[in-house]
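Colleague: The sequence shown lines up with residues 113 to 301 when you count with the working numbering.
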Amino acid sequence: MYDAILLAGGRARRLGGAAKPQLTVGGRTLLDAAVAAVTGAGRIVVVGPEQPVARPVVWRREDPPGGGPVAALAAGLTATAAAAVVVLAADLPAIAPAVPRLLAALPPEGAAVLTDADGRANYLAAAWRRASLAAALAALGRVEGASMRALVAAVPVVPVPDEGGWGRYCDTWDQLARARAASEGGVDA
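1. How about D115 and V197: are their beta carbons less than 7 Å apart?
2. According to DSSP, simplified to helix, strand and coil, what is A195?
3. State the start and end residues of the unbroken alpha helix (DSSP H) segment that holds L143.
4. Leaving out the 5 sequence neighbours to the left and right, which residues in its chain are closer than 7 Å to A153 when beta-carbon positions are compared?
5. Could you tell me the alpha carbon to alpha carbon distance between S244 and V147, rounded to whole angstroms?
6. Which residue marks the beginning of the alpha helix (DSSP H) containing V212, and which one marks its end?
7. Expressed to the nearest angstrom, what Euclidean distance is found between the alpha-carbon atoms of A289 and R140?
8. In terms of residues, what are the limits of the alpha helix (DSSP H) holding V255?
9. So for L185, helix, strand or coil by DSSP?
10. Considering only the beta carbon of each residue, do G257 and G180 sit closer than 7 Å?
11. Is the CB-CB distance between A217 and V269 below 7 Å?
12. Let me know the secondary structure DSSP gives R155 once reduced to three states.
13. Near R292, what residues of its chain come up, given a Cβ to Cβ distance below 7 Å and the 5 sequence neighbours on each side ignored?
14. Please go through the same chain and pick out, in chain order, the residues whose beta-carbon is closer than 7 Å to the beta-carbon of L142, but skip the five residues on each side of it.
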């Protein structure tokens, strides 16, 4: 059993401030795609402003709103209880196949992090031991504006190869268009 924290509170600056989690790919919102990716979770916590979503979730808000992903994780963690926690950004429309791989690779302490072919880690596509995440957050002290890199540096990390491009973000209109084309045509984005 695991819980999930979905980060849906970003400012979407590269999208002109659009409500990014509500943008659609493949006939569903990015937020609904993230929720569907963690259907096996005991509890799904969405950190961000309340918005339409296809299934019941627990809502949390980082303090202050817009305080960044580490602040969002700190807010979301308070609503979880499972020993394992999947952490996903809500703008990864193809992430579902990565979730079981992240959980399978999760070490006894630390995190499993999706990593692309060039070795770049996607810290917002990860599985954590809840105790390790709590300890890393506590070690940081101030979470507002803290970097994910600093958070992850405090724990053992197992890289999980992103064999299918599952961790591709929809941060720009071009990335969103590619994701939409891939979902319609079955081609790799």
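Heads up, the beta-carbon is just placed ideally off N, CA and C, and yes, glycines get one too.
Modeller: On the basis of the supplied data:
1. In this structure, D115 places its C-beta atom within 7 Å of the C-beta atom of V197.
2. Looking at A195 - three-state DSSP - the assignment turns out to be coil, as it is neither helix nor strand.
3. Note, L143: alpha helix (DSSP H), L142 to A149.
4. Annotation for A153: Y114, D115, A116 and V198 place their beta carbon closer than 7 Å to its own, counting only its chain and skipping 5 residues before and after.
5. The alpha-carbon atoms of S244 and V147 are separated by roughly 23 Å.
6. Reading off the sequence shown, one finds Pro at residue 212, where the question assumed Val. Start and end: A210 to A217.
7. Distance between the alpha carbons of A289 and R140: 14 Å.
8. Run containing V255: none; DSSP gives neither H nor E here.
9. Shown here, L185 sits in a helix according to DSSP, grouped into three states.
10. Judged by their CB atoms, G257 and G180 are nearer to each other than the 7 Å cut-off.
11. No, the Cβ-Cβ distance between A217 and V269 is not below 7 Å.
12. Residue state for R155 is assigned as coil, using DSSP reduced to three classes.
13. Excluding residues within five positions, the ones whose Cβ falls inside 7 Å are V137.
14. If you ignore the 5 residues before and after L142, its C-beta comes within less than 7 Å of the C-beta of K132, P133, L135, A202, D203, P205 and C282, all in its own chain and listed in chain order.
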